[in-house]
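Working notes, beginning with the structure itself.
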Amino acid sequence: MTHFDDLDRCSYFGDDFTDSLIAVGWLDCDKPFDRGSVEQAVYDRLIELARDPWQPMVFGGVHQCDICQYDGPMAADNLFVPDGRSIFVCPSLITHYIAAHSYVPPKVFVDAILECPDTRSMDYKRLLLSSGGRVLVQNGG
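Heads up, the working numbering is the position in the sequence shown plus 3, with the first residue counted as 1.
Laid out in structure tokens, this is it:
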């Protein structure tokens, strides 16, 4: 899987989107990451948002957990989490990383998760726009 340090700009989706996106949870077995506990409410909200994530584009590839010793789970979706200033993007495997590997995302992302509207709502799209996501919304409808 592609690796980005937490809170770095995310170039995974191409140059047109890099300035709008901040990476969270793009883990790799050879890179250190913060570990600890995550509040149940944060995990539950991530699960809810990941059930029907808004996707501005479709990719043919998948992410596979390479932290698991054998047969790490795979997923293809990404979650876009606006906070009014920025848009965080994480692979949907972030829920696995939290549950199985005790990954702790940055606090600013955790706060955004707890405040994020449902991904199919107009409030979500408005928040994307106010967070600098016009090019994403235009691309993804």
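Using N, Cα and C, we set each Cβ at its ideal position, and we do this for glycine too.
For residue j and residue i, believed in contact at Cβ under 8 Å, the rounded distance
i	j	result
A53	H66	Contact flag wrong, Cβ pair sits at about 12 Å.
G136	I90	5 Å
D9	P85	No, D9 and P85 are not in contact; Cβ-Cβ is about 17 Å, not under 8 Å.
Bridge partner(s) assigned by DSSP for residue i
i	result
V92	A26 and F83
H66	A78
R38	Y106
R12	I25
Residue environment, residue i, which counts as buried when at least 16 other CB atoms sit within 10 Å
i	result
I25	buried
G64	exposed
Y106	buried
P35	exposed
A115	buried
C119	buried
I50	exposed
C-alpha distance - residue i paired with residue j, whole-angstrom precision
i	j	result
K110	L130	19 Å
Y46	G17	29 Å
D11	D22	10 Å
Y15	V61	12 Å
M125	A103	33 Å
F20	E42	31 Å
A44	V138	31 Å
D33	D74	17 Å
Cut-off 8 Å between Cβ atoms - residues of its own chain near residue i, not counting five sequence neighbours on either side
i	result
P94	M4, G28, W29, H66, A78, D80, N81 and L82
V140	P59, K128, L131 and L132
R123	D55 and W57
P76	Q67, C68, L96 and H99
Contacting residues, own chain, Cβ-Cβ under 6 Å from residue i (five flanking each side not counted)
i	result
I97	G28
C13	F7, L24, A26 and V92
F112	V27 and F91
Contact with chain C by residue i, beta-carbon distance below 8 Å
i	result
P109	The question asks about chain C, but that chain is absent: this structure has only one protein chain.
Cutoff 7 Å; reference residue i; Cβ partners in own chain excluding five residues on either side
i	result
R88	S134
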